[in-house]
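Residue numbers (this note's numbering): -3 to 201.
#1: Which partner residues does residue 157 have in the DSSP bridge list?
#2: Ends of the alpha helix (DSSP H) at residue 179?
#3: List the residues that DSSP assigns as beta-bridge partners of residue 130.
#4: Could you tell me which residues DSSP pairs with residue 94 in its beta bridges?
#5: Exposed or buried, residue 177, counting other C-beta atoms within 10 Å across all chains shown (16 or more means buried)?
#6: Output the distance between the C-alpha atoms of residue 54 and residue 168, rounded to the nearest integer angstrom.
#7: Tell me the rounded alpha-carbon separation between residue 45 and residue 135.
#8: Flag this pair as yes or no: are the beta carbons of residue 97 and residue 110 separated by less than 9 Å?
#9: With a threshold of 6 Å on Cβ separation, who are the neighbours of residue 49 within its own chain once the five nearest residues in sequence on each side are excluded?
#10: Distance, Cα to Cα, residue 52 vs residue 154?
#11: Alpha carbon to alpha carbon, how far is residue 199 from residue 99? Give it in angstroms, no decimals.
#12: Kindly list the residues whose CB is nearer than 8 Å to the CB of residue 170, restricted to its own chain and excluding five residues on each side of it in sequence; keep chain order.
#13: Give the single residue among 116, 126, 150, 149 whose Cα lies nearest to the Cα of residue 139.
#14: What did DSSP end up calling residue 143 once you bin it into helix, strand or coil?
#15: Report all residues from its chain with a CB closer than 6 Å to the CB of residue 57; omit the five preceding and five following residues, and keep chain order.
#16: Which word fits residue 122, buried or exposed, when buried means at least 16 other C-beta atoms lie within 10 angstroms of its C-beta?
#17: So, is residue 128 buried or exposed, given that buried needs 16 or more other C-beta atoms within 10 angstroms?
#18: The alpha helix (DSSP H) spanning residue 102 covers which residue range?
#19: Output the distance between the C-alpha atoms of residue 173 and residue 93, rounded to the nearest integer angstrom.
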């Protein structure tokens, strides 16, 4: 009798240990499945910028230049030559660097710049400039809005200066009674706080 009870107790102990041994395994699979979920449907860390000032026809894209573009940024400064020059200049001014543009983005940006220039030229032809030949900012904003460029495109206007990101490139310059300039370039790594992505940071690090 004693032997039968011992055998029964031993069998019960084996069943209990076996059941306990399978529980952590199930828990680990669930945790593994849970941790794998984020990688199943990765999301991009950025959203494409909306387009504006788009020409009716796609522009001609020139072949890629063999040499690096000189418009990689306005932070090009004194370079070290034979050990001379400002050390760490590029590092200290990285926040003022512009993003590079592909030939396609530059072509679209140039086409958009032509449309923007035409609208801003209308503002100048209408006259009515204020102090220092500067037009009312609302008139500049209205000219850009006629091309579909608004707040979501990082439009910034101030004291005769304007800038906008067309979704392909930055277009910026000055529009006054005596001056109308248009420049195509990449967005700044760290633009001036409180402005759009196409305004150079005048601060320092």
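In this text, a Cβ means the ideal position worked out from N, Cα and C, and glycines have one as well.
On the basis of the supplied data:
#1: 154, 170
#2: Segment 179 to 181 is the beta strand (DSSP E) holding residue 179; no alpha helix (DSSP H) there.
#3: 172
#4: 184
#5: exposed
#6: 21 Å
#7: 24 Å
#8: Judged by beta-carbon spacing, residue 110 lies beyond the 9 Å limit of residue 97, meaning their Cβ atoms are not closer than that value.
#9: 108, 111, 112, 143, 145, 162
#10: Their backbone Cα atoms lie some 29 Å apart in a straight line.
#11: 30 Å
#12: 156, 157, 158, 176, 177
#13: Residue 139 has its Cα closest to that of 116, out of 116, 126, 150, 149.
#14: coil
#15: 99, 100, 103
#16: It counts as exposed.
#17: exposed
#18: 99 to 122
#19: 30 Å
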